[in-house]
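Undergrad:
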Ligand code: 3PG
Ligand code: MG
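Residue numbers (our numbering): 57 to 459.
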């Protein structure tokens with residue numbers, strides 16, 4: 057199922073002012089970018105717009121901006137500097153507290169064909185996250201064409217990805233957006249079978265609709281991470297001090313019934329790595345043991361899948377032709393509790409199947425553990441890829457012109 061939206065290949069922006077919304081919401085530490093995957097992923101579209109001879113105006117949000125103080129640390133200036141290096145051409149930073157104020161407008165006036173500028177963090181404008189009209193109009197006033205390549209933000213309906221799109225004649229998607237939707241969309245709606253989906257992460261509540269939707273689409277659904285304990289409790293097992301959401305026990309029962317009715321395999325941990333308590337600090341050395349998942353001691357906390365479970369999950373991956381993975385299997389930030397996540401990552405790295413990693417923590421885990429280049433596709437969207445896997449329409453995508 058392809059994306060039925062106009063793309064940058066359907067237009068030529070020669071001599072035009074093109075506003076390109078990217079997701080440059082990258083982690084920063086002391087002003088340094090610690091993971092530049094989102095910048096690298098944005099380059100093909102930016103290069104295409106430059107090659108066309110467009111006047112390229114980039115924009116993005118960065119983090120959450122709630123106070124004046126936040127504005128000091130959440131400027132996009134470091135992104136402009138790094139993008140200049142990655143592109144091999146200057147990306148002029150249009151510093152402006154109003155994002156599209158006098159400074160930015162002057163920078164847009166001065167821009168020549170093939171030049172690139174980057175606007176300040178769109179969330180410096182309070183209307184941004186409310187999709188308020190004034191800021192959308194400001195953005196529309198400085199461009200002739202709008203390109204949305206911010207897949208990571210596509211689940212938001214904000215001025216810079218949705219509002220502005222409705223105020224310009226031409227609103228298309230970029231290559232990254234297209235690639236993400238192609239990979240995720242094919243995996244979910246047209247998978248080569250068997251299709252195995254692996255879900256992990258801390259909370260069931262974050263993945264309710266994903267579990268339900270993927271059960272309908274996949275052949276085998278694998279559950280790991282903290283969310284598995286609510287399922288185990290729903291089966292009537294003792295889970296000790298493990299993370300449980302008591303309000304979701306009935307939901308887990310429902311999902312287990314649903315799997316049975318649909319004839320789908322739903323795999324839960326058969327053994328669990330437990331400790332006395334959560335590691336503090338998170339990467340502290342910790343004494344662990346592996347116990348059967350139906351016999352977790354009442355005074356212990358489950359923090360990773362066990363060795364037998366890792367084998368079981370790896371076997372399921374071995375026979376798959378399509379694998380989608382979202383969420384770590386345990387507290388992967390701790391080397392002792394990363395074994396389950398590593399085992400699953402390894403099984404994905406070793407298979408010939410199409411392997412797709414939902415963004416956020418799973419992408420971070422796969423990259424940190426050194427398996428990044430072994431995966432077919434690693435999404436740049438955390439929340440966005442989850443909402444896509446839920447089967448929801450993404451407002452950022454919907455706002456672009458249809459083909
Ligand atoms: C993300 O990283 O989740 C996206 O960039 C969206 O950011 P947000 O969650 O702050 O809206
Ligand atoms: Mg987010």
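By construction, the Cβ of each residue, glycine as well, lies at the ideal position given by its N, Cα and C atoms.
Locate the beta strand (DSSP E) running through residue 251, then write down its first and last residues.
TA: From DSSP, the beta strand (DSSP E) with residue 251 extends over 251-255.
Undergrad: Could you tell me whether the stretch 279-290 touches the stretch 384-391, using the rule of 3 or more Cβ pairs below 8 Å?
TA: yes
Undergrad: Give every residue of the same chain whose Cβ lies closer than 7 Å to the Cβ of residue 40, excluding the five residues on either side of it in the sequence, and list them in chain order.
TA: This structure gives no information on residue 40, because the portion of the chain shown stretches from 57 to 459.
Undergrad: What's the call for residue 163, buried or exposed, on a 16-neighbour Cβ count within 10 Å?
TA: buried
Undergrad: Indicate the three-state DSSP secondary structure (helix, strand or coil) for residue 267 in the structure shown.
TA: helix
Undergrad: Just checking, does the stretch 430-438 make contact with the stretch 398-411 on the three C-beta pairs under 8 Å criterion?
TA: yes
Undergrad: So if I measure from each beta-carbon to every heavy atom of the ligand 3PG and keep distances below 6 Å, which residues remain?
TA: Around the ligand 3PG, the residues whose beta-carbon falls short of 6 Å from at least one of its heavy atoms are 79, 81, 120, 208, 209, 212, 438 and 439, given in chain order.
Undergrad: I want to know whether the stretch 200-209 touches the stretch 70-79 - three or more CB-CB distances under 8 Å.
TA: yes
Undergrad: Comparing C-alpha positions only, which one of 93, 225 and 170 sits nearest to residue 71?
TA: 170
Undergrad: Compare the beta carbon distance of residue 132 and residue 118 with 8 Å and say whether it is the shorter of the two.
TA: yes
Undergrad: Buried or exposed: where does residue 6 fall if 16 or more other Cβ atoms within 10 Å of its Cβ makes it buried?
TA: Examination of residue 6 is not possible in this model, given that the chain is present from 57 through 459 alone.
Undergrad: Round the Cβ separation of residue 400 and residue 254 to the nearest angstrom and send it over; I've been treating them as touching at under 8 Å.
TA: 6 Å
Undergrad: Look at the alpha carbon of residue 174 and the alpha carbon of residue 439, and state the distance between them as a whole number of angstroms.
TA: 24 Å
Undergrad: Can you give me the start and stop residues for the beta strand (DSSP E) that residue 357 sits inside?
TA: The continuous beta strand (DSSP E) containing residue 357 extends over residues 357-361.
Undergrad: Quick check: is any heavy atom of the ligand ZN less than 7 Å from the C-beta of residue 225?
TA: Questions concerning the ligand ZN fall outside what the structure shown contains, since the ligands it does hold are the ligand 3PG and the ligand MG.
Undergrad: Distance check for residue 459 and residue 313, CA to CA, integer angstroms please.
TA: 41 Å
Undergrad: Any chance you could list the alpha helix (DSSP H) runs of at least 4 consecutive residues sitting entirely within the stretch 144-206, in chain order?
TA: 158-166 and 189-197
Undergrad: Mark residue 116 as exposed unless 16 or more other C-beta atoms lie within 10 angstroms of its C-beta, in which case mark it buried.
TA: buried
Undergrad: Would residue 375 pass as a contact of residue 182 if the rule is Cβ separation under 8 Å?
TA: Not in contact: residue 375 and residue 182 (Cβ atoms no closer than 8 Å).
Undergrad: What residue range does the beta strand (DSSP E) around residue 331 cover?
TA: 327-331
Undergrad: Does the pairing of the stretch 138-154 with the stretch 100-117 give three or more beta-carbon distances under 8 Å?
TA: yes
Undergrad: Please report the residue range of the beta strand (DSSP E) in which residue 286 lies.
TA: Bounds of any beta strand (DSSP E) do not take in residue 286; it lies within the alpha helix (DSSP H) bounded by 284-290.
Undergrad: Can you give the Cα-Cα distance for residue 357 and residue 345, rounded to whole angstroms?
TA: 10 Å
Undergrad: Pick helix, strand or coil for residue 124, following the three-state DSSP scheme.
TA: coil
Undergrad: Would you mind stating whether residue 271 and residue 233 have Cβ atoms separated by less than 8 Å?
TA: no
Undergrad: Out of 363, 338, 324 and 419, which has the shortest C-alpha to C-alpha gap to residue 350?
TA: 324
Undergrad: Alpha carbon to alpha carbon, how far is residue 126 from residue 185?
TA: 15 Å
Undergrad: Does the separation of the CB atoms of residue 101 and residue 231 fall below 8 Å?
TA: yes
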